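Contents: one structure, followed by commentary.
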Amino acid sequence: MMQLHFSPSMRSITISTNNGFIDFMKIKVAARHISYRTIFHTFLLLAFLLPFVFILTAVVTLEGVNKCSSFDCLGRRLGPRLLGRVDGSGKLVSDFYKILNQVKTEEIPDGLKLPDSFTELISEMQSNQYDTKTFAIMLKAMMEKFEKDIRESKFAELMHKHFAASSIPKGIHCLSLRLTDEYSSNAHARKQLPSPELLPLLSDNSYHHFILSTDNILAASVVVNSAVRSSLRPEKIVFHVITDKKTYSGMHSWFALNSIAPAIVEVKGVHQFDWLTRENIPVLEAVENQNGIRSYYHGNHIVGANLSDTTPRIFASKLQARSPKYISLLNHLRIYLPELFPNLDKVVFLDDDVVVQRDLSPLWDIDLEGKVNGAVETCNGDDEWVMSKRFRNYFNFSHPIIERHLNPDECAWAYGMNVFDLHAWRRTNIRELYHSWLRKNLRSNLTMWKLGTLPPALIAFRGQVHPIDPSWHMLGLGYQERTDVENVKNAAVIHYNGQLKPWLEIGFEHLRPFWTKYVNYSNDFIRNCHIVES
5 MMQLHFSPSM RSITISTNNG FIDFMKIKVA ARHISYRTIF HTFLLLAFLL PFVFILTAVV
65 TLEGVNKCSS FDCLGRRLGP RLLGRVDGSG KLVSDFYKIL NQVKTEEIPD GLKLPDSFTE
125 LISEMQSNQY DTKTFAIMLK AMMEKFEKDI RESKFAELMH KHFAASSIPK GIHCLSLRLT
185 DEYSSNAHAR KQLPSPELLP LLSDNSYHHF ILSTDNILAA SVVVNSAVRS SLRPEKIVFH
245 VITDKKTYSG MHSWFALNSI APAIVEVKGV HQFDWLTREN IPVLEAVENQ NGIRSYYHGN
305 HIVGANLSDT TPRIFASKLQ ARSPKYISLL NHLRIYLPEL FPNLDKVVFL DDDVVVQRDL
365 SPLWDIDLEG KVNGAVETCN GDDEWVMSKR FRNYFNFSHP IIERHLNPDE CAWAYGMNVF
425 DLHAWRRTNI RELYHSWLRK NLRSNLTMWK LGTLPPALIA FRGQVHPIDP SWHMLGLGYQ
485 ERTDVENVKN AAVIHYNGQL KPWLEIGFEH LRPFWTKYVN YSNDFIRNCH IVES
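In this note's numbering, the protein residues as written are 5 to 538.
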């Protein structure tokens, strides 16, 4: 502590500290020249300021600016600050910025050997005595190399995900094979679906008819189970499951051996529909069999691609557009529903990558106001990535035909959960429009659009879509990792559209339980194929 000692005559004042140093400062005052009042006020001021000086010294020391504590050191450090001057480090930084800006526009020398890490760079600087410009060039070259490596890794990751999404998991393939074998050896697996006395209900419009088109037995079981378990009146549900010829036996076996009573299920293969002939679907025959198209969807997606002119996000969307499922007849079947089910008036069509979480019977009460398709629009919503889709996202508006006929700002809508008024549909030319635009795109070598079945449907259903509340159908669970889980819980139907399906290991772990809760992991066929809850 600092102390002030005034002499009795007020002619001398001594400043001392409690650390043993006496007479740290002694001032003799001449009464003739300076008044006592002036001296007194002066030292009061000093007594007020000196503690702040010591505090500043401590702060400088604690900041590590300087380890010394003498007044001389303090003056050297605080003087420039108090006088508004700066040290030379500011100029050094300014000069370095100038060098960086200069190097930014320069080309990296050919054959420049780069260190593999920042530690190696520092080591080379010390041993080779690099100047600032050389250091900046090396730093730029290293950054560009690392950015290139990261981009290449990202594109490779996207390709691996694409291949994983396009392949059939071993367990699901096993399930199909075992159930197909069961169909040939077990009479119960071949029993008629539904039983003969229930056949009239397949065309009874007082029931709620769901249509599902898929070759994935496990996915089909989840869609059907979730819809039945979520229904308030499951006895009013009729499921029409359509599959291809190779999967028919296995699909039939599954639903024959795993009853969904009191709901009703019918399983049919595409080969069992008399209407599906080459004469009625010539365009789709061409889509499936044209070599150029098959190469586009099944070939190497990197060869010939200019990855330097695209971003990983755009590349991912292009890969999704080249999924082989988009040339599958099963994926196009929804456009033929009025002909495949001539006795039905109103149906709900579900994709195989959805989960039903709420009773869907109110969908049959929605007045479509004479429109054909009740669907959720995807141009308005909280998630800008998922719910910001307009025609410009699906069509190539640099193509003169597209530019002439379509509006890029027109709102898109979603496939996956649609209410179709088949009675109203039969009075339109939707199917003819669909075929017509498919032919145009084929003739243009797929330059009008790339993404499968939705773009031609967006055109064919123009003026025939009735928007329904978005809470009926939540999209994006197969590509939007930041999906709001609370919104998922509240949605009537959740849709894992995208590459990251819940039955794949690459699916989002935090979103998978909403799907796995409807898988019967105790089923013998599922256990024997080692399909386990992950």
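Yeah, the Cβ is synthetic: ideal placement off N, Cα and C, and Gly gets one too.
These numbers were taken from a predicted model, which means no experiment stands behind them.
| Asked | Found |
| --- | --- |
| Local conformation of F399 per DSSP, three classes | strand |
| Residues near K272 by beta carbon distance below 6 Å, same chain, minus five either side | I246 |
| Start-to-end residues for the alpha helix (DSSP H) that takes in S121 | From DSSP, S121 is part of no alpha helix (DSSP H); its letter is neither H nor E. |
| Burial state of E270 (16 or more Cβ within 10 Å) | buried |
| With 16 other Cβ atoms within 10 Å as the buried cut-off, status of E186 | buried |
| Proximity below 8 Å, CB of N400 to CB of T451 | yes |
| Residue range of the unbroken beta strand (DSSP E) whose run includes A379 | 377-379 |
| Short Cβ contact (8 Å threshold) for C351 with F345 | Residue 351 is actually Val in this sequence, not Cys. Yes. Within cutoff. |
| Alpha-carbon spacing of L426 relative to P342, whole angstroms | 5 Å |
| As assigned by DSSP and simplified to three states, the class of W417 | strand |
| Residue ranges of each beta strand (DSSP E) within the region 337-374, 3 or longer | 350-354, 358-360 |
| Alpha-carbon to alpha-carbon, Y525 and S225 | 12 Å |
| Paired residues, beta bridge with G273 - DSSP | T247 |
| Coil, strand or helix - N422 by DSSP | strand |
| Residue interval of the beta strand (DSSP E) (run including F518) | Here F518 belongs to no beta strand (DSSP E); instead the alpha helix (DSSP H) covers 517-520. |
| Beta carbon of H275 nearer than 8 Å to that of H244 | no |
| Cβ-Cβ separation, G420 to V358 (assumed contact under 8 Å), whole Å | 6 Å |
| Span of the beta strand (DSSP E), counted from its first residue to its last, around H499 | 497-499 |
| Touching by the beta-carbon criterion (3+ pairs, under 8 Å), the region 460-474 and the region 380-387 | yes |
| Neighbourhood of Y483 by C-beta distance below 7 Å, restricted to the same chain and skipping five residues each side | G502, Q503, L504 |
| The region 175-191 contacting the region 129-146, beta-carbon criterion three pairs below 8 Å | no |
| Opening and closing residue of the beta strand (DSSP E) in which F529 lies | That residue, F529, is in no beta strand (DSSP E); its alpha helix (DSSP H) goes 528-532. |
| Three CB pairs or more closer than 8 Å across the region 223-240 and the region 259-270 | yes |
| Endpoints, beta strand (DSSP E) assigned at L216 | 212-217 |
| Distance between beta carbons of I339 and A461, contact taken as under 8 Å | 7 Å |
| Short Cβ contact (8 Å threshold) for A145 with I112 | yes |
| Beta carbon of L205 nearer than 8 Å to that of D363 | no |
| 8 Å Cβ shell around R394 - same chain, five flanking residues per side excluded | C383, P412, D413, E414, C415, A416 |
| Length-filtered (4 minimum) alpha helix (DSSP H) runs lying within the region 93-163 | 93-108, 122-132 |
| Terminal residues of the beta strand (DSSP E) in which V536 lies | Here V536 belongs to no beta strand (DSSP E), and DSSP marks it neither H nor E. |
| Beta-bridge pairing of V469 - partner residues as DSSP gives them | N377 |
| Neighbourhood of K444 by C-beta, 8 Å cutoff - its chain only, sequence neighbours within 5 removed | I405, M452 |
| Candidates Y211, R233, I268, I172, of which the one nearest P200 by Cα | I268 |
| Three-state secondary structure assigned by DSSP to R486 | coil |
| Contacting residues, own chain, Cβ-Cβ under 7 Å from G385 (five flanking each side not counted) | M391, P474 |
| Reduced DSSP secondary structure (H/G/I, E/B, other) of M391 | coil |
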